[in-house]
Amino acid sequence: MTPSETYQQHVLPTYNRFPLVAARGEGCRLWDDAGRRYLDFCTGIAVCSLGHCHPRLVAALREQAGTLIHVSNLYEIPQQAALAREINEQHVKLPGKVFFSNSGAEANDGLIKAARRFGHRRPQADGTPRFEVITFQQSFHGRTLGAMAATGQTKIQEGFDPLLPGFRYLPFNDLSALENAARPETAAVLLEPVQGEGGVNIATSEFLRAAAAFCKKHDLLLFFDEVQAGFGRCGAAMAWRVIAPEIEPDGLSWAKGMGGGVPIGAFWLSDRAINVGGTPLSSLLGPGSHGSTYGGNPLVCAASLAVLEEIRAQDLAANARHQETRIRKTIASWQLPVVPEVRGLGLLLGIALDPDRIPTPEGKTPALVVASRLMQEGLLVPPAGPNTIRLLPPLNVTDAEVDEALAIIHDVLATF
31 MTPSETYQQH
41 VLPTYNRFPL
51 VAARGEGCRL
61 WDDAGRRYLD
71 FCTGIAVCSL
81 GHCHPRLVAA
91 LREQAGTLIH
101 VSNLYEIPQQ
111 AALAREINEQ
121 HVKLPGKVFF
131 SNSGAEANDG
141 LIKAARRFGH
151 RRPQADGTPR
161 FEVITFQQSF
171 HGRTLGAMAA
181 TGQTKIQEGF
191 DPLLPGFRYL
201 PFNDLSALEN
211 AARPETAAVL
221 LEPVQGEGGV
231 NIATSEFLRA
241 AAAFCKKHDL
251 LLFFDEVQAG
261 FGRCGAAMAW
271 RVIAPEIEPD
281 GLSWAKGMGG
291 GVPIGAFWLS
301 DRAINVGGTP
311 LSSLLGPGSH
321 GSTYGGNPLV
331 CAASLAVLEE
341 IRAQDLAANA
351 RHQETRIRKT
361 IASWQLPVVP
371 EVRGLGLLLG
381 IALDPDRIPT
391 PEGKTPALVV
401 ASRLMQEGLL
411 VPPAGPNTIR
421 LLPPLNVTDA
431 EVDEALAIIH
441 DVLATF
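The numbering of the sequence shown is our numbering, which starts it at 31 and goes up by one.
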């Protein structure tokens, strides 16, 4: 039985998978089960931030796996404390506290719960709890029932009615729509500084500043979803700091690249006081309010700590900025009509495609057509919506690897 036949017989068909069976990886390279080598600019969708099987990550996993893999959160976990300290002091650099989950969707669920708990502590004038979270069209926050309801894309939600109530979707980067959006029941605003799945759309600095002012004016929480964009990928430790560095959010969510391939997510809540009594926001989720069996176990925390320390030690955020400049300059020099623009920050970049120039078989989008052609030529990239392909290489990608990928992309796009 072939791997494809095994999938069809035993695995739920929740993915339209590309015809590739990955066998091993090293750095920016991936090999399939037939021995063919690929340049990997997908990296598990921005997950393998150090590439495949980075020596520092492998060593951390081996050492921790030989000592202690898992222990319940009923007990103290030193690796969890060390990772939280690294995040707080070296990456967020604001007073706050971290909860560890297993994925970005779970992290966003945690932020949603924090918003509702806040809405109970800071209710409406008549004492009714606030609960609504404002999110934005083309956002993506995950596929759990809570995170899916927060996602501003109907295609993600179709067939799962009734959705969890309490969400409203505004146009992204629309200052006028945000200005008068507050309602008595509104408790928080949740947005991605860079929308990844929605097409690689960057929040403008004016929009982020307006969101921060809006939240302050109406006593709302401001949450940034940095699941795909955080920890160096956009050219700084946190993506929002590239856009509007002076903003101090109330909550953050992460996953993907923070583990380098190990399943870990997290959310952060600020220590700022939410009332005249000095109650910290981070204190609202106390014992019994939230939990995770596997979240923050010794193995994943040791792995994530190694990844984040390596990103910081090697200043890989600077490499993300360096490669963004090179990629944008090279693509602009092509002057290909099929590429109307390049969007994104750092190494979260989207190459927009002109759909009128790309013939698409029924059931395929221009992005899928181009991604499939690139895979045939030895380059792996994921789509981001119907008309955009993403470049998500490891943060330590080299000039030579970027040049090789760009040559493949040029040769494929030049045929349209």
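Glycine included, every Cβ here is placed at the ideal spot set by N, Cα and C. Owing to the predicted nature of the structure, the values given are computational and were not obtained by experimental measurement.
Span of the alpha helix (DSSP H) around residue i
i           : result
residue 261 : Taken as a continuous stretch (DSSP letters only), residue 261 belongs to no alpha helix (DSSP H), as it is neither H nor E.
residue 127 : Element bounds for residue 127: not the alpha helix (DSSP H) but the beta strand (DSSP E), 126–131.
residue 429 : 429–443
residue 148 : 134–151
residue 237 : 235–248
residue 421 : Premise fails: residue 421 lies in the beta strand (DSSP E), 418–421, not in any alpha helix (DSSP H).
residue 447 : A query on residue 447 cannot be resolved here, the shown segment of the chain reaching from 31 to 446 and no further.
residue 104 : Here residue 104 belongs to no alpha helix (DSSP H), and DSSP marks it neither H nor E.
residue 400 : 396–406
residue 271 : 270–273
residue 425 : No alpha helix (DSSP H) holds residue 425; DSSP gives it neither H nor E.
residue 363 : 346–364
residue 187 : 184–187
The beta strand (DSSP E) enclosing residue i, as first and last residue numbers
i           : result
residue 53  : 52–56
residue 300 : 295–300
residue 472 : Lying outside 31 to 446, the shown extent of the chain, residue 472 is not represented and no answer is given.
residue 172 : From DSSP, residue 172 is part of no beta strand (DSSP E); its letter is neither H nor E.
residue 315 : No beta strand (DSSP E) contains residue 315, which DSSP labels as neither H nor E.
residue 372 : 372–375
residue 281 : 281–284
residue 59  : 59–62
Candidates the options, of which the one nearest residue i by Cα
i           : options               : result
residue 55  : 163, 424 and 48       : 424
residue 284 : 122, 109, 33 and 105  : 122
residue 183 : 136, 415 and 40       : 415
residue 422 : 210, 264 and 334      : 264
residue 59  : 81, 45 and 43         : 81
residue 57  : 343, 305 and 73       : 73
residue 43  : 34, 51 and 50         : 34
residue 86  : 191, 341, 318 and 176 : 341
residue 404 : 446, 336 and 296      : 446
residue 77  : 426, 46, 389 and 290  : 290
residue 52  : 38, 69, 39 and 40     : 69
residue 103 : 39, 323 and 434       : 323
residue 258 : 187, 267 and 368      : 267
residue 317 : 381, 129 and 252      : 129
residue 107 : 331, 398, 196 and 93  : 331
residue 149 : 383, 288, 163 and 138 : 163
residue 143 : 398, 156, 338 and 314 : 314
residue 112 : 333, 413, 137 and 234 : 333
residue 397 : 411, 79 and 407       : 411
residue 321 : 93, 132 and 114       : 132
residue 240 : 208, 260 and 226      : 208
residue 286 : 126, 337 and 246      : 337
residue 345 : 97, 426, 242 and 220  : 426
residue 293 : 308, 91, 32 and 307   : 91
Presumed contact (8 Å Cβ cut-off) between residue i and residue j, rounded CB distance
i           : j           : result
residue 124 : residue 300 : 6 Å
residue 272 : residue 375 : 6 Å
residue 358 : residue 432 : Contact flag wrong, Cβ pair sits at about 11 Å.
residue 254 : residue 203 : Not quite, the Cβ-Cβ distance comes to about 15 Å (not below 8 Å), so this is no contact.
residue 135 : residue 165 : That pair is no contact at about 14 Å.
residue 179 : residue 193 : 4 Å
residue 160 : residue 152 : 7 Å
residue 84  : residue 328 : At roughly 19 Å, the Cβ-Cβ gap does not stay under 8 Å, so residue 84 and residue 328 are not in contact.
residue 350 : residue 229 : Actually they do not touch by this definition, with Cβ atoms about 20 Å apart.
residue 380 : residue 428 : With 8 Å as the limit, residue 380 and residue 428 do not qualify as a contact, their Cβ atoms being about 22 Å apart.
residue 217 : residue 250 : 6 Å
residue 177 : residue 139 : 6 Å
Simplified DSSP assignment, three categories, for residue i
i           : result
residue 162 : strand
residue 70  : strand
residue 37  : helix
residue 310 : strand
residue 303 : strand
residue 381 : strand
residue 47  : coil
residue 82  : strand
residue 193 : coil
residue 251 : strand
residue 325 : coil
residue 178 : helix
residue 287 : helix
residue 369 : coil
residue 156 : coil
residue 93  : helix
residue 113 : helix
residue 121 : helix
Cutoff 8 Å: residue i Cβ touching any chain D Cβ
i           : result
residue 354 : Here chain D cannot be found, since the structure has a single protein chain.
Check: residue i C-beta below 7 Å from any heavy atom of the ligand FMN
i          : result
residue 31 : What this structure holds is no ligand at all, so the ligand FMN is not there to describe.
- Which residue spans inside the stretch 198–240 form an unbroken beta strand (DSSP E) run of at least 3? Every beta strand (DSSP E) stretch that sits fully inside the stretch 198–240 and reaches 3 residues is listed by chain position as 216–221.
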